[in-house]
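Chains as they are written, first to last, in our numbering: chain Z, 167 to 328; chain W, 167 to 328. Ideal Cβ positions, reconstructed from N, Cα and C, are used throughout, including at glycine. Worksheet for the structure shown next.
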DNA sequence: AGCCAATGGGTTATAGAGTAACATATCTGA
DNA sequence: TCAGATATGTTACTCTATAACCCATTGGCT
Ligand SMILES: [Zn+2]
Ligand SMILES: [Zn+2]
Ligand SMILES: [Zn+2]
Ligand SMILES: [Zn+2]
């Protein structure tokens with residue numbers, strides 16, 4: 167049974183953004199950490215769509231939105247915070263960042279990344295995390311983080327080829 | 167049943183190097199591509215140990231070995247060739263490169279990376295590749311490459327803590 | 001041999017990604 | 001309101017990677 171992920175379907179993306187920001191506010195409140203204007207703004211920019219954004223792209227967007235220059239450390243600090251809180255993930259193969267649709271629940275960073283449209287689909291497959299853990303355990307390895315980055319074509323883009 | 171990977175055991179590493187270079191020569195010969203002196207030298211440097219090396223580290227090593235300056239494009243072109251031929255893998259999370267112990271057989275890039283000693287252990291678990299393929303297929307995604315980078319502590323380093 | 005096209009490598013300059021160090025501002029609790 | 005902690009601004013720099021152009025080497029081909 168094949169199911170099309172949200173990121174690849176037509177959907178009310180304002181809803182995605184709203185949910186993500188609300189979840190972020192709740193989480194930060196409950197954890198006693200500060201979701202400042204800047205951090206919120208960066209998170210909102212990242213959620214503009216389901217495609218990972220680079221730090222320097224975000225810098226430009228920030229500069230445009232705030233009509234003044236923004237230096238790298240500013241955006242990197244905000245990104246570090248969002249990463250620590252699990253509100254975003256880093257896509258290593260792209261040097262880019264994407265919003266997490268389910269922060270709050272601890273999970274690994276598993277993504278399908280379309281090279282055509284740029285969409286990154288976060289997987290939610292505990293069985294996969296488990297199997298990776300098991301394989302690591304069999305070699306005596308203690309896992310701290312997992313990063314699975316699968317590249318290829320999403321359903322929409324693969325279809326467009328045919 | 168737990169089995170310690172070669173990279174984490176005492177072993178005759180000259181044997182690793184020798185095998186890797188021999189396999190590279192065979193592969194390139196059979197494919198009709200040229201394993202030039204430079205490419206061979208870079209591959210040999212990468213195989214100095216089981217830890218991923220950055221391009222700029224390799225540049226320094228090349229400069230020292232050849233007693234003359236080596237510019238980035240030189241080493242990146244060699245790395246690109248070795249990547250295309252499947253003789254090395256790129257570790258995205260480290261911006262670094264490591265030799266592949268089984269080039270020739272097509273497989274995905276699955277690694278356990280020790281943050282303490284720097285060793286990267288390549289996994290050979292077709293079942294894992296298969297499961298990832300299946301998960302992707304279920305969402306209508308066409309896989310081209312997989313990159314699994316698991317970070318943590320290898321058996322030696324985890325033991326050293328306790 | 002002499003030539004040609006293709007491939008590989010040298011060189012310079014620049015783009016892209018990330019951090020160190022220090023100054024300033026803003027919050028928070030006593 | 002004051003002090004300490006946290007957050008942001010600013011400058012300068014490091015590390016990673018690529019573009020563009022030129023020259024050298026290779027390996028057929030006549
Ligand atoms: Zn997530
Ligand atoms: Zn796509
Ligand atoms: Zn391999
Ligand atoms: Zn280790």
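Looking at the secondary structure, which residues open and close the beta strand (DSSP E) in which residue i lies?
| i | result |
| --- | --- |
| residue 312(W) | 308 to 319 |
| residue 275(W) | 275 to 280 |
| residue 255(Z) | 254 to 257 |
| residue 287(W) | 286 to 288 |
| residue 262(Z) | 262 to 265 |
Do you know offhand how far residue i's Cα is from residue j's?
| i | j | result |
| --- | --- | --- |
| residue 275(Z) | residue 297(Z) | 14 Å |
| residue 321(Z) | residue 183(Z) | 23 Å |
| residue 188(W) | residue 316(W) | 29 Å |
| residue 319(Z) | residue 176(W) | 42 Å |
| residue 300(W) | residue 289(W) | 19 Å |
| residue 211(W) | residue 241(W) | 11 Å |
| residue 348(W) | residue 258(W) | Outside the shown range of chain W (167 to 328) lies residue 348(W), about which nothing can therefore be said. |
| residue 251(W) | residue 264(Z) | 31 Å |
| residue 173(W) | residue 285(W) | 7 Å |
| residue 413(Z) | residue 185(Z) | Absent from the model: residue 413(Z). The displayed extent of chain Z is 167 to 328, so no value can be given. |
| residue 305(Z) | residue 194(W) | 32 Å |
| residue 226(Z) | residue 171(Z) | 29 Å |
Report the option in the options whose CA atom is closest to the CA atom of residue i.
| i | options | result |
| --- | --- | --- |
| residue 313(W) | 174(W), 295(W), 225(W), 304(W) | 295(W) |
| residue 238(W) | 250(W), 252(W), 223(W), 185(W) | 223(W) |
| residue 310(Z) | 280(Z), 272(Z), 227(Z), 325(Z) | 272(Z) |
| residue 308(W) | 323(Z), 307(Z), 304(Z), 306(Z) | 323(Z) |
| residue 197(Z) | 234(Z), 291(Z), 247(Z), 256(Z) | 247(Z) |
| residue 262(Z) | 218(Z), 200(Z), 173(Z) | 218(Z) |
| residue 214(Z) | 254(Z), 243(Z), 304(Z) | 254(Z) |
| residue 209(W) | 226(W), 190(W), 236(W) | 190(W) |
| residue 280(W) | 195(W), 181(W), 192(W), 216(W) | 216(W) |
| residue 291(W) | 283(W), 203(W), 277(W) | 277(W) |
| residue 202(W) | 266(W), 282(W), 243(W) | 243(W) |
Is residue i helix, strand or coil by DSSP?
| i | result |
| --- | --- |
| residue 245(Z) | helix |
| residue 325(Z) | helix |
| residue 237(W) | coil |
| residue 207(W) | helix |
| residue 283(W) | coil |
| residue 250(W) | helix |
| residue 184(Z) | helix |
What span of residues does the alpha helix (DSSP H) with residue i cover, start to end?
| i | result |
| --- | --- |
| residue 226(W) | 221 to 232 |
| residue 176(W) | No alpha helix (DSSP H) holds residue 176(W); DSSP gives it neither H nor E. |
| residue 199(Z) | Where residue 199(Z) is concerned, there is no enclosing alpha helix (DSSP H), given that its DSSP letter is neither H nor E. |
| residue 303(W) | 292 to 304 |
*Who sits around ligand 6, taking every residue whose Cβ is closer than 6 Å to one of its heavy atoms?*
For the structure depicted, ligand 6 is absent and the ligand set comprises only ligand 1, ligand 2, ligand 3 and ligand 4.
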